[in-house]
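**Student:** The sequence shown lines up with residues 2 to 206 when you count with the working numbering.
Beta carbons: idealized from backbone N, C-alpha and C, even for Gly.
These numbers come from a predicted model, not from an experiment.
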Amino acid sequence: MKKTYPFELQKLSYEYNALEPYFDEATMILHHQKHHQTYVNNLNAALEAHSQFHNHTLEDLLKNLNTLPAEIQNAVRNNGGGVFNHNLFFDLLTANSTKKPVGELAVAIDKKFGSFEKFKELFKKAGLGRFGSGWAWLVLDKNNELQIVSTPNQDVPENLDVKILLGLDVWEHAYYLKYQNRRAEFIDNFFEIIDWNKVNELFIK
Ligand code: MN3
Numbered sequence: 002m003k004k005t006y007p008f009e010l011q012k013l014s015y016e017y018n019a020l021e022p023y024f025d026e027a028t029m030i031l032h033h034q035k036h037h038q039t040y041v042n043n044l045n046a047a048l049e050a051h052s053q054f055h056n057h058t059l060e061d062l063l064k065n066l067n068t069l070p071a072e073i074q075n076a077v078r079n080n081g082g083g084v085f086n087h088n089l090f091f092d093l094l095t096a097n098s099t100k101k102p103v104g105e106l107a108v109a110i111d112k113k114f115g116s117f118e119k120f121k122e123l124f125k126k127a128g129l130g131r132f133g134s135g136w137a138w139l140v141l142d143k144n145n146e147l148q149i150v151s152t153p154n155q156d157v158p159e160n161l162d163v164k165i166l167l168g169l170d171v172w173e174h175a176y177y178l179k180y181q182n183r184r185a186e187f188i189d190n191f192f193e194i195i196d197w198n199k200v201n202e203l204f205i206k
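(1) What first and last residue would you give for the beta strand (DSSP E) that runs through Leu169?
(2) Out of His55, Pro7 and Gly83, point me to the one whose CA is closest to His33's CA.
(3) Are the Cβ atoms of Tyr6 and His55 separated by less than 8 Å?
(4) Closer than 7 Å to a non-hydrogen atom of the ligand MN3 - does that hold for the CB of Asp170?
(5) Compute the Euclidean distance between the alpha carbons of Trp197 and Gly135, then round it to the nearest angstrom.
(6) Please name the residue, chosen from Phe120, Glu173, Leu129 and Ala175, that lies closest to Ala148 on a Cα-to-Cα basis.
(7) In or out: Ser14 buried (at least 16 other Cβ within 10 Å) or exposed?
(8) When you compare only the Cα positions, how much space is there between His36 and Asn97?
(9) Would you mind giving the Cβ-Cβ distance between Val77 and Leu66, rounded to the nearest angstrom? I have them listed as a contact below 8 Å.
(10) Following the continuous beta strand (DSSP E) through Thr68, name the residue where it begins and the one where it ends.
(11) Using CA atoms only, rank isn't needed, just tell me which of Glu159, Val108 and Gly128 is closest to Phe187.
(12) Can at least three beta-carbon pairs, one atom from the region 152-168 and one from the region 177-186, be found at a separation below 8 Å?
(13) DSSP three-state call for Thr212: helix, strand or coil?
(14) Would the C-beta of Ala175 count as close to the ligand MN3, meaning under 7 Å from any of its heavy atoms?
(15) Measuring only the C-alpha atoms, how far is Lys100 from Asn18?
(16) Using 10 angstroms around the beta-carbon of Phe91, count the other beta-carbons present and answer buried if the total reaches 16, otherwise exposed.
(17) Hey, is His55 close to the ligand MN3, as in C-beta under 7 Å from one of its heavy atoms?
(18) Is the beta carbon of Thr39 less than 8 Å from the beta carbon of Ile194?
(19) Assuming Gln38 is part of the alpha helix (DSSP H), what are its boundary residues?
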């Protein structure tokens with residue numbers, strides 16, 4: 002996939018109905034074809050007249066938001082963040098989940114949080130505690146410590162100064178069609194379709 006302007010919608014590696022019954026087909030279509038696509042379109046629109054950034058990767062743009070012209074900073078923060086976050090989120094889902102962490106990550110999660118169940122409880126709390134729209138994350142910080150963090154809107158964690166291992170979209174558009182106001186149930190179902198093999202690959206990379 003092209004890494005610079007004009008950015009493109011990242012294709013899913015599975016069918017829209019593959020994650021049923023946890024994530025329903027209608028939500029997946031809407032989320033990918035409308036929401037994710039709109040972030041891509043709006044990011045490209047913001048950058049269109051600023052050709053000096055057309056060879057910058059999305060990561061470079063997001064890490065250097067404060068060096069961008071003032072009139073496009075918010076657009077890149079919101080829509081560039083939206084593209085980046087959804088690329089990661091959709092890529093770490095699978096119909097063939099192991100249902101629990103694997104490999105070195107499994108060991109590290111037990112060590113840091115006590116158990117996978119305890120980790121899940123804290124991650125869920127981060128997702129439930131995010132008032133309004135935003136994300137819950139598992140990251141590896143600069144001290145090589147696993148941390149659960151949460152960001153508002155489409156902000157990326159820690160200015161991308163951490164290694165992101167897992168992200169959960171808790172915007173209402175991610176669950177309202179199927180779960181209405183039941184964000185907790187949505188988060189429980191997210192845990193049924195996490196691609197822990199990929200998460201572990203990110204961890205050991
Ligand atoms: Mn979303």
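**Tutor:** Let's see:
(1) Lys164 to Asp170 is the extent of the beta strand (DSSP E) around Leu169.
(2) Gly83
(3) yes
(4) Yes, the Cβ of Asp170 comes within 7 Å of a heavy atom of the ligand MN3.
(5) 22 Å
(6) In the sequence on display, residue 148 carries Gln and not Ala. With distances taken between Cα atoms, Gln148 lies closest to Phe120.
(7) exposed
(8) 25 Å
(9) The C-beta separation of Val77 from Leu66 comes to about 6 Å, placing the pair in contact by the 8 Å criterion.
(10) Neither: Thr68 is in no beta strand (DSSP E) and is coded neither H nor E.
(11) Gly128
(12) no
(13) This structure cannot speak to residue 212, because the chain is shown only from 2 to 206.
(14) yes
(15) 19 Å
(16) Buried is the call here.
(17) no
(18) no
(19) Gln38 to Leu48
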